[in-house]
Each structure stands twice: as C-alpha cells, then as structure tokens.
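Chemist: Count the sequence shown with the numbering used here and you get residues 687 to 1062, in order.
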Amino acid sequence: MSDVLDLTIDLIRRPSVTPDDHGCQQLLAERLARAGFATEHLRYGEVDNLWARHGTDGPVLVFLGHTDVVPPGPLDKWTSPPFEPTIRGGKLYGRGAADMKSGVAAMTLALEAFVAAHPQHRGTIALLVTSDEEGPTNVDGVRRVVEEFRRRGQRIDWCVVGEPSSAQKFGDVMRVGRRGSLSAHLTVRGVQGHVAYPDKVKNPIHLAAPALAELAATKWDEGNAEFPPTSMQISNVHAGTGALNVVPGTLDVDFNFRYCTESTAESLRERVDAILRRHGLDFDVAWDLSGAPFLTREGALRVAASAAIRELCGIAPEANTGGGTSDGRFIAPLGAEVVELGPINASIHKIDEHVSIAELEKLPALFLRIAEKLFA
Ligand SMILES: [Zn+2]
C-alpha cells in the first residue's frame, strides 16, 4: 500500500464530523514534527486548527485544508460503513475520501518530501488545517486563524487549497477565485387602509413595483474574463394582510447579488440605494455580506500549478471561479495568490463518497511539483 493511501485510510477511520477533529491533526502534527516542522495547535472554542511550518523567511507557501467531514447520513444506505475505509474496484470509499482527507494526506506527504529533498530551501512552506470548514458559520476555523496571522504580521504569498476541484478528469479544473455573495432585506413603508379609499392610503406595492422592475433590469457590470457579470435575483416578496379589502402598510423583499470583481459590495449598496431613493420610497435595507469575491490572476502560483498538472496529468487545466465556497476566501485578503486543486468532486457529501486510488497516488507528486517550481 502506498504512503498516501495509508495515511488517507488512517484519517478516514477517525469520524471527524464538524467541529470534532478526532485526533486527525495530532497525527499530522506528529509526522510533520518528525520531518522538522514547527507545529502549533490553535484551538478556538470547539475547533482545532493546526499550523505547521518549515523555514523562517519569505516567500510563504501554504497548503490549506480541513480535517472535518460532513455527517454520513443514513448508515444503511452506505455499501460499506462510512468510517471503515474500504477499497473496491480501484476506489477508496469512506466519508472524507474526496472531501478532503485524500487532499490533506497528499499535502502532508508533499511537505515531508519537499523538506527531505530540499532541507536548505529558501522561503517558508507550511500546512494549515482546520476542523471547521464544513460547518454553518466557520467562525473559529481559518477565519479566526487569519485574524491571529494579521496580529502577528504573518504573511502568505501563495496558497494551494487541496479541495476536490476536478470535474470529469483529474486535473481538468483549477479554481482561481469565487464570486461574492451579498444579501439584502428591503422594507418599503406605506400607509395601510381600505382599498375603497385610495386617497387615504399609500400602497407600498404600487410604489415599489417600478423600483423593483428597475433593479431587475439593471446591468450591474459586464463581468470579465474570469467572472460572469454580476447578477441580482429577488427571492422573496411579501405584502398584504390576507384580506382582499386592505391596502397593506409595508412590503418586504429579499434579494441577493452574486457579484464579480468588477463591482464591490459598497458600489452595489450605493446603486441600490440611489434607485430606491429616485423612486421616492420610504424604505430600509438590511444588508448581509457573506463573502467578498476574490480572484487570483495569472501569476507565479497559477503558472506553477498549470505546469505541474500538464506534466503529471497530461492535460491543461481550465481556470475557473465556479463551485461553492472554500476557506481560500479568508486567505486571499492577506494578499495571497490562491488556487484550489484536487481530486474529482462528483461524490463529495454523498452516500458512498470515494476517490480513485490512481488519482490519489498522483496527488502528493502534484503538490510537491508545485512547491518545487515556486521555490526553484
Ligand atoms: Zn472540503
């Protein structure tokens, strides 16, 4: 059995459902300490975070991942138990096989191999893993670690997130950013009254309708080479008391922006405000920014990662900004180039989650090659 398969199996055996790390990070820390890394456990609330680094100066390359997994769901639906890693037909099955204990194992082995081959390397090479990536809030995971890094002045130049990014073939997709998400709850005030006395009411539905039409028709930006244009979608509209003869006093509307780097949360807020004011509405908007967009432009990290994929997988990866969120969004604001790169994501969070063993065995070499290209 290969080292990476061995370590992945060891990790899957630990049922580390968010935020319980279940000893995964201790295992990684012991290995990396033996390889000469300085390791540090940052525990916040219920969450374990491991920071292990080798080298003391810049530039800084960080491999980022998570040891937590989503719950397995109904156990009787699994062909083999989710926390008893099982090999069938060239695939390794178990919760976390793809998302992302294979990536964590491969990143750890790549770090060990890099330091063994280049004990006097320039710069700093590190692993950062958290046990709270899959949870609903992610407050005490990488977000909190990054706050600590800001206090310490810890820089990060390049960040490789070993999340399952591949779609059809291993190495076909490399994530280089993601859109921002900005939500709004709009309340428009009118004056309630009898429908038969239009001069005594102010109908918030009538007043808001043209403004909503203008919001829906607005082109917020044109997008760019990496992102589609910003889109706004209204998800809920509510007004009315239920009675047919009452003009309601208020109208409530929820809408959300998925926005690209051509707009900012601030510019969108201002433009929405201006439209609502121009229509003479009496209104309030409560905004909630769940994540700013980020984009890693073609630079040292993207060049190194693309070249490493071409060499090891024989294909040129597509750089895109699709998919859900990852902890890369917390690292990017430090000024780091961030790419997300890992196995096929078709089975993640599902029953019978699995990873191809052939792909898994290529993964440490891929991460190692990226590090060597950056520090060459
Ligand atoms: Zn993940």
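Glycine included, C-beta positions come from ideal geometry on N, C-alpha and C.
Using the beta-carbon count (16 or more within 10 Å), is aspartate 1001 buried or exposed?
Modeler: According to the sequence as given, residue 1001 is isoleucine; it is not aspartate. Flag for isoleucine 1001 reads exposed.
Chemist: Which one of His880, Gly741 and Glu1058 has the shortest CA to CA distance from alanine 929?
Modeler: Minimum Cα distance to alanine 929 is reached at His880.
Chemist: Per DSSP, what kind of secondary structure is lysine 777 in: helix, strand or coil?
Modeler: Three-state DSSP puts lysine 777 in a strand.
Chemist: Could you check whether the Cβ of histidine 752 sits closer than 7 Å to any heavy atom belonging to ligand 1?
Modeler: Answer for histidine 752: yes, Cβ within range of ligand 1.
Chemist: So, at 8 Å on beta carbons, what are the nonlocal neighbours of aspartate 959 in its own chain, with the 5 sequence-adjacent residues on each side left out?
Modeler: Closer than 8 Å at Cβ, skipping near neighbours: Val971.
Chemist: Could you pull the DSSP bridge partners for threonine 810 from this structure?
Modeler: Val746, per the DSSP bridge assignment.
Chemist: What do you reckon, is the C-beta of glutamate 819 under 7 Å from a heavy atom of ligand 1?
Modeler: Yes; taking the cut-off as 7 Å, the Cβ of glutamate 819 has a heavy atom of ligand 1 nearer than that.
Chemist: At the level of alpha carbons, what is the spacing between tyrosine 883 and asparagine 889?
Modeler: Cα to Cα, tyrosine 883 sits roughly 11 Å from asparagine 889.
Chemist: What three-state label does DSSP hand histidine 892 in the structure shown?
Modeler: In the structure shown, histidine 892 sits in a helix (DSSP, three-state: H, G or I).
Chemist: Note down, in chain order, each residue of its chain lying with its Cβ closer than 7 Å to the Cβ of arginine 699, except the 5 sequence neighbours on either side.
Modeler: The residues are Phe769 and Pro771.
Chemist: Here's a check: name, in chain order, each residue in its chain whose Cβ is nearer than 6 Å to the Cβ of alanine 799, leaving out the five neighbours to either side.
Modeler: If we look at alanine 799 and ignore the five residues flanking it on each side, its Cβ neighbours are Leu1054.
Chemist: Please tell me whether, using a cut-off of 7 Å, the distance from the CB of aspartate 706 to the nearest non-hydrogen atom of ligand 1 is below it.
Modeler: Aspartate 706 Cβ: outside cutoff for every heavy atom of ligand 1.
Chemist: Is the beta carbon of valine 933 less than 8 Å from the beta carbon of glutamine 878?
Modeler: For valine 933 and glutamine 878, yes; Cβs fall inside 8 Å.
Chemist: Using DSSP bridges, identify the partner residues of tryptophan 737.
Modeler: DSSP lists Glu726 and Leu814 as partners of tryptophan 737.
Chemist: Using beta-carbon positions only, say whether leucine 1027 and serine 851 come within less than 8 Å of one another.
Modeler: Yes, Cβ-Cβ distance for leucine 1027 and serine 851 is below 8 Å.
Chemist: Counting along the chain, where does the alpha helix (DSSP H) carrying cysteine 999 start and finish?
Modeler: 986-999 is the span of the alpha helix (DSSP H), which, as asked, contains cysteine 999.
Chemist: With DSSP collapsed to three states, give me the class of valine 881.
Modeler: The answer is coil: DSSP assigns valine 881 none of H, G, I, E or B.
Chemist: Using CA coordinates, which residue listed in Arg963, Pro760, Leu868 and Val847 is at the minimum distance from glutamate 900?
Modeler: It is Arg963 whose Cα lies nearest to the Cα of glutamate 900.
Chemist: Whole angstroms is fine: what's the gap from alanine 796's alpha carbon to isoleucine 811's?
Modeler: Using only the alpha carbons, I get a separation of about 10 Å.
Chemist: Hey, leucine 778 and valine 1041 are a contact pair by Cβ (cut 8 Å); roughly how many whole angstroms apart?
Modeler: Indeed, because the Cβ distance is near 5 Å, the residues count as touching under 8 Å.
Chemist: Taking only heavy atoms of ligand 1 into account, decide whether any of them is closer than 7 Å to the Cβ of aspartate 734.
Modeler: False, no ligand heavy atom lies under 7 Å from that Cβ.
Chemist: In its own chain, which residues sit with a C-beta less than 8 Å from the C-beta of glutamate 1070, not counting the 5 before and 5 after it?
Modeler: An answer regarding residue 1070 cannot be provided, because it is not within the stretch 687 to 1062 covered by the chain.
Chemist: Which of the three DSSP states, helix, strand or coil, is assigned to methionine 1070?
Modeler: The question about residue 1070 has no answer, for the chain in this structure spans 687 to 1062.
Chemist: Any heavy atom of ligand 1 closer than 7 Å to the beta-carbon of glutamate 849?
Modeler: Yes.
Chemist: Rounded to a whole number of angstroms, what is the C-alpha to C-alpha distance between tryptophan 737 and leucine 718?
Modeler: Distance between the alpha carbons of tryptophan 737 and leucine 718 is about 10 Å.
Chemist: Just verifying my parser: in three-state terms, what is the DSSP assignment at methionine 786?
Modeler: Reduced to three states, the DSSP call for methionine 786 is coil.
Chemist: Can you check DSSP and say which residues form a bridge with glutamate 1026?
Modeler: BP columns for glutamate 1026 point to Val847 and Arg861.
Chemist: Does the count of Cβ pairs from the stretch 749-756 and the stretch 785-795 closer than 8 Å reach three?
Modeler: In short, these stretches touch, since the Cβ pair count reaches three.
Chemist: Sorry if obvious, but does the Cβ on methionine 860 come closer than 7 Å to a heavy atom of ligand 1?
Modeler: Every heavy atom of ligand 1 is 7 Å or more from the Cβ of methionine 860, so no.
Chemist: Going by DSSP, what residues sit across from valine 831 in a beta bridge?
Modeler: Its beta-bridge partners do not exist; DSSP assigns none.
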